[in-house]
Every structure is written in structure tokens, then in C-alpha cells.
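K.L.:
In the working numbering, the protein residues as written are 60 to 238. Backbone N, C-alpha and C define an ideal beta-carbon position, used for all residues, glycine too. Just so it is clear, the structure is predicted and the values come from calculations on it, not from any experiment.
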């Protein structure tokens, strides 16, 4: 009867709907099962939330108020609409960072220094140095399969060509040495 308190000792079954204008409190340690799902204007839990099957779909944001680390064993997939943003940096402790178009990913990027113990490798595109110089401190030999284009070439140990011709298209060969 509406307006009358309801008390059930033991099991109870409702064939229609159950509604309350206040709080529905369930006392006990058992698990409640809702076959049709749960719809709520808000959900709060002091013991966490575990979703054992299915997906968790959020139409709003996921916010963490804890300073701990979250682990995603299957990785994180981000659509092209959202991207990834952080105010404290990103640390990769395993695996690789793959950027198929670094300019589109990072935009105009200024790097103050790059250090690598494994070398720097590019499979495609150009390495453009707009200021400074390339300095090799090793005693190894550098190989350029496409040749070298330069506004000038200087060597304190001489120039040796083991194959091909030395072609001078303008100017002259001048020797300032005594040899």
C-alpha cells in the first residue's frame, strides 16, 4: 500500500518495478544482481568498482583523484579526435614510441639536445641541421651512399678517392703547401 512501510523477512520478489524517493539501503554482505543493468544519476562506492565482463562506457571524463599509477595491461587506444595530453611528461620504460609523421604528432618541436647510446636512425625523410655542425669524435669511417653536397670541404688529413673521378666544374686547384 502506498505510504505504508514494507518489511520482508526472508526472500522477496517484485514482479513490477520498485522505486523510492529516498535511499535504497541494502544491508548484508551478499552480492546483488541486476539482470537489466543499473541506471543511476550518480554512483559512489567506498570499496571500488569491479566490472568482470563487458565494457565500461563513459560519455564524460575519467578523472582520478589519487596520485597513484594506473596500469592498462591491454594498452590505451586514443581516437584521432582526442589525442593525449599531460602536464608532467610521459615516461616509456619498455617498448618503443612510433610516430609515423612526427611533425603531425608533435608539431614544430625544439630539442635542446639529443643523447643516444644506440645511435640515431631514420628510415625515411631528411635530417635537417639548420645551425651548428656535425662533429664526429670517433675514429670510424662515414659512408654516404648518395654522395655529399657541400658549399665547401675542408680536411686536415687530405682527401682520398678510392674509386671514381674527381670532377672540378669551376675554379682551380691551388696548392699552398711545399710539396
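Quick one, which of 145, 97, 118, 106 has its alpha-carbon nearest residue 88's?
P.N.:
Closest option to residue 88, Cα to Cα, is 106.
K.L.:
In its own chain, which residues sit with a C-beta less than 8 angstroms from the C-beta of residue 137, not counting the 5 before and 5 after it?
P.N.:
If we look at residue 137 and ignore the five residues flanking it on each side, its Cβ neighbours are 143.
K.L.:
Going by alpha carbons, who is nearest to residue 98 out of 111, 78, 212, 86?
P.N.:
For residue 98, the nearest C-alpha among the options comes from 78.
K.L.:
On a CA-only basis, which of 76, 211, 175, 96 is nearest residue 114? Give me that one, please.
P.N.:
It is 96 whose Cα lies nearest to the Cα of residue 114.
K.L.:
Going by Cα to Cα distance, which pick from 187, 120, 134 is closest to residue 153?
P.N.:
Of 187, 120, 134, the residue nearest in Cα terms is 134.
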